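Have a look at the structure below, then the notes.
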Amino acid sequence: MKLYYAPGACSLAVHIAAREAGLSPELVKVDLATHRIEGGADYLGVNPRGYVPLLELDDGSRHTEVAALLQHVGDLDPHGGLLPPAGSRARFEVLQWLAFVSSELHKVFSPWLWHKETAESTRQACKDRITLRLGELDARLARSAHVAGEAFTVADAYAFAIVNWAPMLGLSLKAWPALTAWMQRVAARPAVQAALRAEGLAKG
Ligand SMILES: N[C@@H](CCC(=O)N[C@@H](CS)C(=O)NCC(=O)O)C(=O)O
């Protein structure tokens, strides 16, 4: 299995989930500014959208979309904890949070974060929306240890990768104590530390 990624991008969610599931994907680094793969090849030849993450399975098939990749990786978890069984209420909860992170956080951050030409009014609107949604996440995390309940699931991997962008944009998490404590708890997980180190985002 190969994971095309960029350090600290949304691909970190899939990287974390893979490590939590005990998988060791081959990591292929992509420069998102040039859409070049480390070594110089054109990434647009791999993914015409130019986005990471992209997961290439051992049969050579290529797959995209964070929420879908997380479901696939979650289903490969031998302990089943990352994604509860199909049809269960617990899985329904995880899937709701994956969709929430994707549409209410990830894609609200994206235009602001990646495109310098974005107008100030748009940046502010994004910031206001993100602030509102981080508040919702904080309220959720005040009631349970993790995003979709007590256990760590792929929803935590996704939310962690995206919420991790907040300080880069000058958004302090201090106003949200439950969210701050959860970020620290997730960051301390051995699989998360390993993923951060592999992406050059943590020392060690
Ligand atoms: N819908 C895609 C979006 C992925 C995405 O936004 N990736 C960003 C990094 S977080 C990217 O590769 N941006 C590069 C670009 O816009 O060219 C998904 O959920 O996987």
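Going by our numbering, the sequence shown opens with residue 5, and the numbers climb by one from there.
By construction, the Cβ of each residue, glycine as well, lies at the ideal position given by its N, Cα and C atoms.
Note that the structure is predicted; figures quoted are calculated from it, not measured.
Mind the definition here: the region 49-58 touches the region 100-117 only if three or more C-beta pairs lie below 8 Å; say whether that holds.
Result no; under three Cβ-Cβ pairs closer than 8 Å.
With distance defined between alpha-carbon atoms, name the residue in Gly208, Lys207, Ala202 nearest to Ser15.
Sequence index remark: in the sequence shown, residue 15 carries index 11 (1-based). The shortest Cα separation from Ser15 among Gly208, Lys207, Ala202 belongs to Ala202.
Under 6 Å Cβ to Cβ from Arg133, same chain only, skipping five residues before and after it: list those, please.
Within the sequence shown, the letter at position 129 stands for residue 133. Hits under 6 Å: Val112.
What residue range is occupied by the uninterrupted alpha helix (DSSP H) comprising Leu200?
Walking along the sequence shown from the start, residue 200 turns up at place 196. From DSSP, the alpha helix (DSSP H) with Leu200 extends over 194-202.
Helix, strand or coil: how does DSSP classify Lys55 here?
Taking the first residue of the sequence shown as 1, we reach residue 55 at position 51. Reading the sequence as shown, one finds Tyr at residue 55 and not Lys. Of the three classes helix, strand and coil, the one that applies to Tyr55 here is coil, per DSSP.
Provide the residue span of the alpha helix (DSSP H) that contains Arg23, from first to last.
Sequence index remark: in the sequence shown, residue 23 carries index 19 (1-based). Looking at the DSSP string, the run of the alpha helix (DSSP H) that includes Arg23 is 15-24.
How close, in whole Å, do the beta carbons of Ala21 and Val158 come, if the pair is a contact with beta carbons under 8 Å?
Position 17 of the sequence shown, counted from the first residue, corresponds to residue 21. Position 154 of the sequence shown, counted from the first residue, corresponds to residue 158. At roughly 5 Å, the Cβ-Cβ gap stays under 8 Å, so Ala21 and Val158 are in contact.
Going by DSSP, which residues form a beta bridge with Pro47?
Taking the sequence shown and counting its residues from 1, one reaches residue 47 at position 43. Residue identity check: residue 47 is Tyr in the sequence provided, not Pro. Its beta-bridge partners do not exist; DSSP assigns none.
Please classify Arg144 as buried or exposed, where buried requires at least 16 neighbouring CB atoms within 10 angstroms.
For the purposes of this step, residue 144 is taken as residue 140 along the sequence shown, with counting starting at 1. Flag for Arg144 reads buried.
Please list, in chain order, all residues of the same chain as Pro171 whose beta carbon is under 8 Å from its beta carbon, the five residues on each side excluded.
If you number the sequence shown from 1, residue 171 lands on position 167. Apart from the 5 residues on each side of it in sequence, Pro171 sits with its Cβ closer than 8 Å to the Cβ of Leu177 in its chain, given in chain order.
Regarding Pro115 and ligand 1, is the C-beta to nearest heavy atom distance less than 7 Å?
Numbered from its first residue, the sequence shown carries residue 115 at position 111. No, Cβ of Pro115 sits at least 7 Å from all heavy atoms of ligand 1.
Where Lys6 and Asp46 are concerned, what is the direct C-alpha to C-alpha distance, given to the nearest angstrom?
Against the sequence shown, residue 6 aligns to sequence position 2. Against the sequence shown, residue 46 aligns to sequence position 42. So the alpha carbons of these two residues sit roughly 16 Å apart.
Under a Cβ-count criterion, where at least 16 other Cβ atoms within 10 Å of its own Cβ denotes burial, should Gln128 be classed as buried or exposed?
In the sequence shown, the residue the question calls residue 128 occupies position 124. Exposed is the call here.
Ala155 and Gly85: beta carbons closer than 8 Å?
For the purposes of this step, residue 155 is identified with residue 151 of the sequence shown, where counting begins at 1. For the purposes of this step, residue 85 is identified with residue 81 of the sequence shown, where counting begins at 1. Yes, they are a contact pair.
Taking 6 Å as the limit between beta carbons, can you name the residues of its chain near Ala182, skipping five residues before and five after?
Residue numbering aside, residue 182 sits at position 178 when the sequence shown is read from its first letter. Excluding sequence neighbours, Ala182 sits near Asp142, Leu145, Ala146.
Nearest-angstrom Cα distance between Ala13 and Ala149?
In the sequence shown, the residue the question calls residue 13 occupies position 9. In the sequence shown, the residue the question calls residue 149 occupies position 145. For Ala13 and Ala149, the distance between alpha carbons rounds to 24 Å.
Taking Leu31 as the reference, which of Glu140, Ala10, Ala37, Thr38 has the closest Cα?
Against the sequence shown, residue 31 aligns to sequence position 27. The shortest Cα separation from Leu31 among Glu140, Ala10, Ala37, Thr38 belongs to Ala10.
Taking 8 Å as the cut-off, decide whether the C-beta atoms of Ala163 and Val98 are in contact.
Sequence index remark: in the sequence shown, residue 163 carries index 159 (1-based). Sequence index remark: in the sequence shown, residue 98 carries index 94 (1-based). No; because the gap between Cβ atoms is not below 8 Å, this pair is not in contact.
Write down the C-beta distance between Val50 and Leu58 rounded to the nearest angstrom, noting that I regard them as a contact closer than 8 Å.
For this step, residue 50 is matched to residue 46 along the sequence shown. For this step, residue 58 is matched to residue 54 along the sequence shown. The pair is a contact, with the Cβ atoms about 6 Å apart (cut-off 8 Å).
When the Cα of Leu117 is compared with those of Asp81, Val18, Leu36, which residue comes out closest?
Within the sequence shown, residue 117 is the residue found at index 113, counting from 1. Here the closest residue by C-alpha is Leu36.
Return yes when the Cβ of Leu74 is within less than 8 Å of the Cβ of Val18, no when it is not.
Here residue 18 is taken as the residue at index 14 of the sequence shown, counted from 1. Here residue 74 is taken as the residue at index 70 of the sequence shown, counted from 1. Yes, these two residues count as a Cβ contact at 8 Å.
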